[in-house]
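Visitor: Residue numbers (my numbering), protein chains in the order written: chain A, 1 to 268; chain B, 269 to 482; chain C, 483 to 696.
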Amino acid sequence: MSADGLMFDAPVADETDDWSGPASAPADDGALYLELDGWEGPLDLLLDLARRQKVDLRSISILSLVDQYLDYIDRAEALRLEMAADYLVMAAWLAYLKSSLLLPKEEQDEPSAEELALRLQLRLQRLGAMRESAARLMARDRIGRDVFLRGAPEGLRIDRKTQWKCDWYGLVQAYGQVKARTAPAIHMVRERPVMTLESALDRVSAMLGVTLDWMALEEFLPPHAEPGLRRSALASSFVAALELARLGKAEIEQEATFGPMRLRRIPA
Amino acid sequence: MSTRPDDLQRALEATLFAAEEPMSVEALAGHLGDAEPAEVRAALQVLAAHYEERGVQLVERGKRWHFQTAPDCAHVLRREREQVRRLSRAGTEVLAIIAYHEPVSRAEIESIRGVQTSGGTLDVLMEAGWVRVAGRRETPGRPAIYATTPEFLQHFGLSSRRDLPGIDELRATGLLDPVDDAYEAMMTDEGEVDADPDNSPQGLENKKDFPASV
Amino acid sequence: MSTRPDDLQRALEATLFAAEEPMSVEALAGHLGDAEPAEVRAALQVLAAHYEERGVQLVERGKRWHFQTAPDCAHVLRREREQVRRLSRAGTEVLAIIAYHEPVSRAEIESIRGVQTSGGTLDVLMEAGWVRVAGRRETPGRPAIYATTPEFLQHFGLSSRRDLPGIDELRATGLLDPVDDAYEAMMTDEGEVDADPDNSPQGLENKKDFPASV
């Protein structure tokens, strides 16, 4: 085998028992099996044919390789074997390549036949390199075939243990909240400053007695009351005004909805 | 003491290493084809001596040989990994109730908390080593009663349960603040705890908390 | 060469003997608790040297360490333990292409082989645990790209991909470069020899290049 690993004169098939397919068939007499099932496509068949030239892939004769391929396909066809389209397409392309190679250079199309031939050669080299690498890889000391792992390893075990975390404050606070949450609830209404209906009645009647003019309802409210008391007084004074109107002691006037409400005494 | 092993010794090492079961001298000799049992026995002795001081040893048990890890290395086969986890809200409450009221039955805990308590919560507290079953209440059904352990006092830095603050002290420090605020704070807390998928037992209980305590 | 192993060495021996999977230096250091990775690495080197001449060896494969029987003891073990997976020819070639070119897309594999690769071939390699999808190529269609796994290195006894047989030569001779690049390189090299300007390579000619390039 050459230093750059491109020669295939050493039979690859001997290197590994993992290798199946045509490469493992006796290859010395050049008698190929006339079937295509064994090849991984036309390039694989070409590579196999190239290997039979027993020269470095860089110095194979593309022309004779083409001849061999076409001859092989002819014979396979003569045997009426089922031909995969890929192989026939390759045959047609190689026939074209061959005719181009035989033409004088100036009559060739672009790309030149030499370029196509060189590219084909490069491809064969790459596939050849991978084929050989695959064989060398399979021949390594493989686990389960050449080297073995421990038959009955004890195994490593990791026991996870939880360390619970809780601090004193959390504990005491939780208890406080349980107690607070479940303590019997006592509802107490806060004492609020209010003006009762009675005192509003007294206050409104008394103030109505002073004048016969219309007075706005707000004027009946205690002037310096804090807001809470003022709202209570407003409500009570309103009800007082209605009550006085019902008793015929006062009349009420409102010019617009939500407008100011005024009242005045009805003289007895 | 260690010289380069000969071929028989190396073959025995490889065979016993790869074997799935201990092997007798006869089985080994048969396996190796042309080896005499006496030679095999001698080679095994040499190997056993070589491995004596190593982390792996070659031992004979009931006339069959195998490799095993050295007894003093057994701890490397089983490792404990500790994981710190915050006790859930429900767990904390149950622990507090046991601490303040022990010994206490599960039904009593539930009546104090106002919610059902999942068995998982008590399990966690017992696993943590803070709570133990302290006997059975001599009432119908003989329910188990729970109490705290010395580890509980130690963990919380208490010399005795009397060190726990009384109700009056709790009130003074605001820990008995109006129910609404505390309840709201609790719900916020629970939300965080629920996010932990490992907390599912407590998580389920949290759901129960809602209707029971409204 | 063999002195009494220290505690770390013994613990590592025991751990790797007992382990069901190869272990990285970090995993070993973590398992042993308070060991420094650098110390672990040094101890592993000492152990590997000790076992080098024995029937069982300590090897590093893809940054993970394990014990295995010595390759030259294969003959005593092989007879009853033929358990290695047989790969088809397509499988071996695809595996080699992935290993030497990784990461590589299916189209790239096919352009080297000149034939379509059946989905089953890649499946077999992935099922064996030797190949995995290593992401997607950021080109139109975003094809999946494939690479080998640590199990691949382990199975084929490679410390790293640099150990692949002949990879340096293949790289040096350009045999791992695509045909287009190789062709271009040749044209540049031979510029003086072949002065024909018509020979300048054009990337688009690929399609004409070869009928089987799928």
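Glycine included, every Cβ here is placed at the ideal spot set by N, Cα and C.
(1) What does the Cβ neighbour count give for G259/A, buried or exposed, with the cut at 16 atoms within 10 Å?
(2) What does E508/C touch in chain B if you count any residue whose Cβ is under 8 Å from its own?
(3) Taking only beta-carbon atoms, is L315/B less than 8 Å away from chain A?
(4) Just how far apart, CA to CA, sit H369/B and L421/B?
(5) Give the secondary structure of M215/A by DSSP, where H, G and I count as helix, E and B as strand, and everything else as coil.
(6) Examine chain B for any beta-carbon lying closer than 8 Å to the beta-carbon of Y96/A, and answer yes or no.
(7) Helix, strand or coil for A206/A? Go by DSSP, reduced to three states.
(8) Applying a beta-carbon distance threshold of less than 9 Å, which residues of chain C neighbour V55/A?
(9) If you drop the 5 nearest sequence neighbours on each side, which residues of the same chain put their C-beta closer than 8 Å to that of I266/A?
(10) Using a Cβ cut-off of 7 Å, which residues of the region 168–179 of chain A contact any Cβ in chain C, in chain order?
(11) Where L234/A and V210/A are concerned, what is the direct C-alpha to C-alpha distance, given to the nearest angstrom?
(12) Which of the three DSSP states, helix, strand or coil, is assigned to W612/C?
(13) Going along the chain, which unbroken runs of the beta strand (DSSP E) with 3 or more residues stay wholly within the region 338–405 of chain B?
(14) How do the region 104–124 of chain A and the region 567–581 of chain C stand: do at least 3 beta-carbon pairs fall below 8 Å, yes or no?
(15) Quick one: what does DSSP say F148/A is sitting in, helix, strand or coil?
(16) Which residues share a DSSP beta bridge with F549/C?
(17) Looking at G656/C and V606/C, is the spacing between their C-beta atoms short of 8 Å?
(18) By the 10 Å Cβ neighbour count, where 16 or more other Cβ atoms means buried, how is G601/C classified, buried or exposed?
(19) Is the separation between the beta-carbon of E495/C and that of P273/B shorter than 8 Å?
(20) Would you list the residues sitting across from I143/A in a DSSP beta bridge?
(21) With a threshold of 7 Å on Cβ separation, who are the neighbours of R278/B within its own chain once the five nearest residues in sequence on each side are excluded?
(22) Looking at V661/C: is its Cβ nearer than 8 Å to the Cβ of R51/A?
(23) By a C-beta neighbour count over all protein chains shown, 10 Å radius and 16 as the cutoff for buried, is V615/C buried or exposed?
(24) For D431/B, which three-state DSSP category applies?
(25) Measure the alpha-carbon distance for M90/A versus G611/C and round it to whole angstroms.
(26) CA-CA distance, K690/C and A509/C?
(27) Are the CB atoms of S373/B and A415/B within a distance shorter than 8 Å?
(28) Does any residue of chain C have a CB that is nearer than 8 Å to the CB of H299/B?
(29) According to DSSP, is L127/A helix, strand or coil?
(30) Buried or exposed for T196/A, going by 16 or more other Cβ atoms inside 10 Å?
(31) If contacts are defined as beta-carbon pairs under 8 Å, then V172/A and P433/B qualify, I think. What distance do you get, rounded to the angstrom?
(32) In terms of DSSP beta bridges, what is W164/A paired with?
(33) So, with DSSP's three-state summary, where would you put I60/A?
(34) Use the C-beta contact count for D44/A: other C-beta atoms within 10 angstroms, 16 or more gives buried, fewer gives exposed.
(35) By DSSP's criteria, Q254/A is part of a beta bridge. Which residues make up the other side?
(36) Would you kindly work out how many angstroms separate the C-alpha atoms of P504/C and I143/A, rounded to a whole number?
Guide: For this structure:
(1) Here residue 259/A is taken as the residue at index 259 of the first sequence, counted from 1. Looking at its Cβ environment, which holds fewer than 16 other Cβ atoms inside 10 Å, G259/A is exposed.
(2) On the third sequence, position 26 is the one that residue 508/C refers to. Per Cβ cutoff of 8 Å: no residues; E508/C is ~15 Å from chain B at best.
(3) By 1-based counting over the second sequence, the position of residue 315/B is 47. Output row for L315/B: interface = no.
(4) Reading the second sequence from its first residue, position 101 is the one you call residue 369/B. Reading the second sequence from its first residue, position 153 is the one you call residue 421/B. Going from the Cα of H369/B to the Cα of L421/B covers about 15 Å.
(5) In the first sequence, the residue the question calls residue 215/A occupies position 215. DSSP places M215/A in strand when its eight states are reduced to three.
(6) Stepping through the first sequence from its first residue, residue 96/A is reached at position 96. Taking Cβ atoms only, chain B never reaches closer than 8 Å to Y96/A, which makes this a no.
(7) Numbered from 1 along the first sequence, position 206 holds the residue referred to as residue 206/A. Assignment of A206/A by DSSP, reduced to helix, strand and coil, places it in the helix class.
(8) One-based indexing of the first sequence puts residue 55/A at position 55. The premise fails here: V55/A is roughly 17 Å from chain C at the closest Cβ pair, so nothing lies under 9 Å.
(9) In the first sequence, counting from the first residue as 1, residue 266/A sits at position 266. Within the same chain, I266/A has close Cβ partners G248, K249, A250 and E251.
(10) Correct list: empty, as no residue qualifies.
(11) Position 234 of the first sequence, counting from 1, holds the residue named residue 234/A. Position 210 of the first sequence, counting from 1, holds the residue named residue 210/A. Approximately 20 Å, taken between the alpha carbons.
(12) Here residue 612/C refers to the residue found at position 130 when the third sequence is read from its first residue. DSSP places W612/C in coil when its eight states are reduced to three.
(13) 346–354 and 399–404
(14) Not touching, per the Cβ criterion.
(15) One-based indexing of the first sequence puts residue 148/A at position 148. Correct three-state label for F148/A: coil.
(16) Counting from one through the third sequence, the residue named residue 549/C turns up at place 67. Beta-bridge pairing by DSSP links F549/C to L540/C.
(17) Start at 1 with the first residue of the third sequence, and residue 606/C comes out as number 124. Start at 1 with the first residue of the third sequence, and residue 656/C comes out as number 174. Contact: no.
(18) Numbered from its first residue, the third sequence carries residue 601/C at position 119. With fewer than 16 Cβ atoms within 10 Å of its Cβ, G601/C is classed as exposed.
(19) On the third sequence, residue 495/C is found 13 positions in, with the first residue counted as 1. On the second sequence, residue 273/B is found 5 positions in, with the first residue counted as 1. Their beta carbons are not under 8 Å apart, which means E495/C does not touch P273/B by this criterion.
(20) Mapped onto the first sequence, residue 143/A falls at position 143. DSSP output for I143/A lists V147/A as bridge partner(s).
(21) For this step, residue 278/B is matched to residue 10 along the second sequence. For R278/B, where only same-chain residues beyond five positions count, there are no Cβ hits under 7 Å.
(22) Sequence index remark: in the third sequence, residue 661/C carries index 179 (1-based). Sequence index remark: in the first sequence, residue 51/A carries index 51 (1-based). For V661/C and R51/A, no; Cβs fall outside 8 Å.
(23) Residue 615/C sits at position 133 when you count from the first residue of the third sequence. It is exposed - the Cβ of V615/C has fewer than 16 other Cβ atoms within 10 Å.
(24) Counting from 1 along the second sequence, the entry for residue 431/B is found at position 163. Here D431/B sits in helix by DSSP.
(25) Within the first sequence, residue 90/A is the residue found at index 90, counting from 1. Within the third sequence, residue 611/C is the residue found at index 129, counting from 1. Taking the straight line joining both Cα atoms gives about 35 Å.
(26) Locating residue 690/C in the third sequence gives position 208, where the first residue counts as 1. Locating residue 509/C in the third sequence gives position 27, where the first residue counts as 1. Here the model assigns K690/C a pLDDT of 44, short of 50, so the residue's position is not dependable, and the following value carries that caveat. K690/C and A509/C: Cα-Cα distance of roughly 53 Å.
(27) The residue labelled residue 415/B in the question sits at position 147 within the second sequence. The residue labelled residue 373/B in the question sits at position 105 within the second sequence. No; because the gap between Cβ atoms is not below 8 Å, this pair is not in contact.
(28) Within the second sequence, numbered from 1, the residue matching residue 299/B stands at position 31. It does: the Cβ of H299/B has a partner Cβ on chain C nearer than 8 Å.
(29) Reading the first sequence from its first residue, position 127 is the one you call residue 127/A. Helix at L127/A.
(30) As a working mapping, residue 196/A is identified with position 196 in the first sequence. Counting Cβ neighbours within 10 Å, T196/A comes out exposed, since fewer than 16 surround it.
(31) As a position in the first sequence, residue 172/A is number 172, starting the count at 1. As a position in the second sequence, residue 433/B is number 165, starting the count at 1. That pair is a contact at about 6 Å.
(32) Counting from 1 along the first sequence, the entry for residue 164/A is found at position 164. Looking at the DSSP assignment, W164/A forms a beta bridge with R353/B.
(33) For the purposes of this step, residue 60/A is taken as residue 60 along the first sequence, with counting starting at 1. Here I60/A sits in coil by DSSP.
(34) If you number the first sequence from 1, residue 44/A lands on position 44. It counts as buried.
(35) What you label residue 254/A is simply residue 254 of the first sequence in a count that begins at 1. BP columns for Q254/A point to M261/A.
(36) Locating residue 504/C in the third sequence gives position 22, counting from the first residue. Locating residue 143/A in the first sequence gives position 143, counting from the first residue. Roughly 13 Å separates the two Cα atoms.
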